[in-house]
Amino acid sequence: MQRSIFTLITLIVLFVSIPSLTIAQEQLARPTGEIILTVTGAINQTNAPGKAEFDLAMLQALGVQQRRRTTPWTDGIQEFDGVLMRDVMKAVGANGKEVLALALNDYAVTIPLDDFTRYPILLAFAANGKALTRRDKGPLWIIYPTDEFPETKTAAHVARSVWQLHRIEVR
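According to numbering that gives the first Met the number 0, the stretch in the sequence shown is residues 0 to 170, in order.
Structure follows, in structure tokens:
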């Protein structure tokens, strides 16, 4: 009888502790460089109280993509380096329906979260081999794939192409 109680208690402790060990292992690393993106709201993975902060190296670790795209604000085809927004959302464990994207100049727009799974939306940090600065829409710029997906050439999608992005709130 005592042995079965001991076994039961041991199993309960294991089942309770294993998920918390897994969560601890999946937490985001802390940024060591300048924080260029903060994600808050309905997220499961954080590295600061109530938020996920990213420096450039952390974003690059998600997998750098190079995409040739045109935009309404640039001349001709540009080559952008960045990460896919779906990968950023996956990294933070986003579980909402939409995001509020906020720019340094206080511009804000709501973007459906499923846009990031439906389209290869780029969070660009460089254009034509040069880091984006505040003067040229940086440090981060959400860029829709309007050339690949003509249905994203609408005024609503253009409005979602936030430059000087610095914060995302998942709702």
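Even for Gly, the Cβ is constructed at its ideal location relative to N, Cα and C.
* Between aspartate 54 and threonine 153, what straight-line distance do the alpha-carbon atoms span, to the nearest angstrom? -> In the sequence shown, residue 54 corresponds to position 55, counting from 1. In the sequence shown, residue 153 corresponds to position 154, counting from 1. Going from the Cα of aspartate 54 to the Cα of threonine 153 covers about 31 Å.
* Asked: What is the DSSP secondary structure of threonine 132, reduced to helix, strand or coil?
  -> Reading the sequence shown from its first residue, position 133 is the one you call residue 132. Threonine 132: coil per DSSP, three-state reduction.
* To do: Identify which residue in Arg66, Asp113 and Phe79 has its Cα closest to the Cα of asparagine 94.
  => Mapped onto the sequence shown, residue 94 falls at position 95. Per the Cα distances, Asp113.
* Buried or exposed by the 16-neighbour rule on C-beta atoms within 10 Å, applied to alanine 155 -> Position 156 of the sequence shown, counted from the first residue, corresponds to residue 155. So alanine 155 counts as exposed.
* Straight-line CA distance for glycine 137 to proline 149? -> As a first step, residue 137 must be located in the sequence shown, where it is residue number 138. As a first step, residue 149 must be located in the sequence shown, where it is residue number 150. Cα-Cα distance, rounded: 25 Å.
* Asked: Are the beta-carbon atoms of isoleucine 110 and proline 144 separated by less than 9 Å?
  -> Here residue 110 refers to the residue found at position 111 of the sequence shown. Here residue 144 refers to the residue found at position 145 of the sequence shown. No, the pair does not count as a contact, with Cβ atoms beyond the cut-off.
* Asked: With DSSP run on the structure shown, which of helix, strand or coil describes leucine 122?
  -> As a working mapping, residue 122 is identified with position 123 in the sequence shown. Three-state DSSP puts leucine 122 in a strand.
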